[in-house]
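Numbering (numbering that gives the first Met the number 0), first residue to last: 0 to 319. Every residue, glycine too, gets a C-beta built ideally from N, C-alpha and C.
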Amino acid sequence: MTIQPVLIYGEAPESSDFRYNVLRGLSAQPKHISPKFFYDRRGSALFEDICRLPEYYLTRAETDILNRCAREIAKLTGPDSVLIELGSGASRKVRLLLETLRPSVYLAVDISREFLFDSTRRLARDYPWLEVHAACADLCTPFSVSGLPQEGRRLAFYPGSSVGNFEPGEARALLSGLRSLLGRDGALVIGVDLKKDPAILHAAYNDSAGITAMFNLNLLVRLRRELGADVDSAAFAHDAFYNQAAGRIEMHLVSRKAQRIRVDGVAFTFAEGETIHTESSYKYTPAEFHALADAAGYSVERTWTDADQMFSVYYLRVAT
Ligand code: AVI
């Protein structure tokens, strides 16, 4: 069997980006670090474990929707498209679309370099008819995909409600900026978590096996390893709660005691109970997301939800 080579381009975010973000975020009030830094190799693997947790309904609900609407997505898009997956991770969900959609090219875009290369290599092995590209890029900054063919309708796929990890204004800017990559006849299939009973949300981000806590605390392991921080993970605790007014889950690392840590030679003091805000995960009603899509320059062609109204998937067309 011949395996298609994976065409690779793009630059991983520089480690200085991590250093700068951490030093700036820990100097701010309240302290914060961007959730994009969760995804080193271990963080990406832990996120895969989260997706299999019984409490983390998002993956199952979205998989259920994609299984049901793959045919319609293929019909709306047509054959021989260029499929671009944003935040591709393990490139698992895209497999639900590939056989039905039959794109000619697949481009995986992710921030985690090793994880990206492992998963695209596996994908190229499993789909020998598909031309597979990989771009290591940070979605927060404009990225180049100069190796993509010019012909073929472009369809972006942004599953998993990752758009919810951006502030709504940033999400609008990201989706709006994506339009130039997609072109005039481009489209976007995007998965978005719905607002729901806060108890269900709370359980999803405070799983009983403690995997989400490990995922959150892994940021401190990265601080130690990559920035030489003298931080003890055991001196911080995972906290996640639903902020009803903001419509978002917030994840924090809570200092268990008054302490001082040094990162790259800079000292930061923590009061007992003081937190580092590590992630927001916004939840949207369909009406709220339609408004966001409209403001970003898309028209909503389809809205799908699962039977229990846990999750939503949208087919958005670039508005002309
Ligand atoms: C990747 N992102 C959509 C996940 C979420 O649900 O916000 C990350 C995550 N954080 C904790 N659990 C999962």
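Write down the C-beta distance between residue i and residue j rounded to the nearest angstrom, noting that I regard them as a contact closer than 8 Å.
i: Glu113; j: Lys92; result: Glu113 to Lys92, Cβ: 20 Å. No contact.
i: Ser175; j: Gly296; result: 5 Å
i: Ala107; j: Glu47; result: About 15 Å; that fails the 8 Å criterion.
i: Glu278; j: Asn205; result: Not really, about 13 Å apart at Cβ, beyond 8 Å.
i: Ser111; j: Arg67; result: Actually they are not in contact, since the Cβ atoms of Ser111 and Arg67 sit about 29 Å apart, beyond 8 Å.
i: Pro167; j: Leu291; result: 6 Å
i: Glu271; j: Ala257; result: 5 Å
i: Thr99; j: Arg183; result: Rounded, the Cβ-Cβ distance is 24 Å, inconsistent with contact.
For residue i, which of helix, strand or coil comes out of DSSP?
i: Gly227; result: coil
i: Thr62; result: helix
i: Ala136; result: coil
i: Leu85; result: strand
i: Thr119; result: helix
i: Glu271; result: coil
i: Arg124; result: helix
i: Glu300; result: strand
i: Ala208; result: coil
i: Arg320; result: Because the chain in this structure spans residues 0 to 319, residue 320 falls outside the shown range and cannot be described.
i: Ser130; result: Here the sequence assigns Glu to residue 130, which means Ser is not the residue at that position. In this structure, Glu130 counts as strand in the three-state DSSP scheme.
i: Phe142; result: coil
i: Met0; result: Because the pLDDT at Met0 is just 48, under 50, the model does not fix this residue reliably, and the value given afterwards should be weighed accordingly. Met0: coil per DSSP, three-state reduction.
i: Asp109; result: strand
Residue i and residue j: beta carbons closer than 8 Å?
i: Phe267; j: Leu25; result: yes
i: Ser31; j: Ile275; result: It is worth fixing the name first, because residue 31 is His in this sequence and not Ser. Cβ atoms of His31 and Ile275: closer than 8 Å.
i: Leu200; j: Leu252; result: no
i: Val191; j: Tyr313; result: yes
i: Leu154; j: Leu315; result: no
i: Thr96; j: Ile72; result: The question names Thr, but residue 96 is Leu in the sequence shown. Yes, Cβ-Cβ distance for Leu96 and Ile72 is below 8 Å.
i: Asp117; j: Cys135; result: no
i: Arg152; j: Gly77; result: yes
i: Phe214; j: Gly86; result: no
i: Gly227; j: Val317; result: no
i: Leu75; j: Phe310; result: no
i: Ser353; j: Glu273; result: Given that the chain is displayed from residue 0 to residue 319, the structure contains no residue 353 and the question cannot be resolved.
i: Val144; j: Leu180; result: yes
Check the DSSP bridge columns for residue i and list the partner residues they point to.
i: Ile248; result: Tyr241, Ser280
i: Arg261; result: Ala266
i: Phe310; result: Asp192
i: Lys30; result: Ile275
i: Ala236; result: Val253
Measuring alpha carbon to alpha carbon, tell me which residue in the options is nearest residue i.
i: Val81; options: Ala233, Ile32, Cys135, Leu147; result: Leu147
i: Leu193; options: Tyr314, Thr304, Asp39; result: Thr304
i: Arg301; options: Asp307, Met309, Thr140, His289; result: His289
i: Glu130; options: Glu287, Thr284, Ala270, Thr119; result: Thr119
i: Lys35; options: Arg221, Gly185, Ala270; result: Arg221
i: Pro53; options: Glu150, Arg223, Thr211, Phe269; result: Thr211
i: Pro197; options: Phe240, Pro158, Ile260; result: Phe240
i: Gly209; options: Ala233, Arg223, His237, Val230; result: His237
i: Ile189; options: Ser145, Leu138, Pro158, Ser232; result: Pro158
i: Tyr126; options: Val230, Phe17, Gln243, Val104; result: Val104
i: Ser280; options: Val299, Ala306, Asn242, Asp231; result: Asn242
i: Phe37; options: Arg23, Asp137, Arg59, Thr284; result: Asp137
Using 7 Å as the cut-off, classify the Cβ of residue i as near or not near the heavy atoms of the ligand NAD, replying yes or no.
i: Tyr157; result: Only the ligand AVI can be found as ligands here, which leaves the ligand NAD out of the picture.
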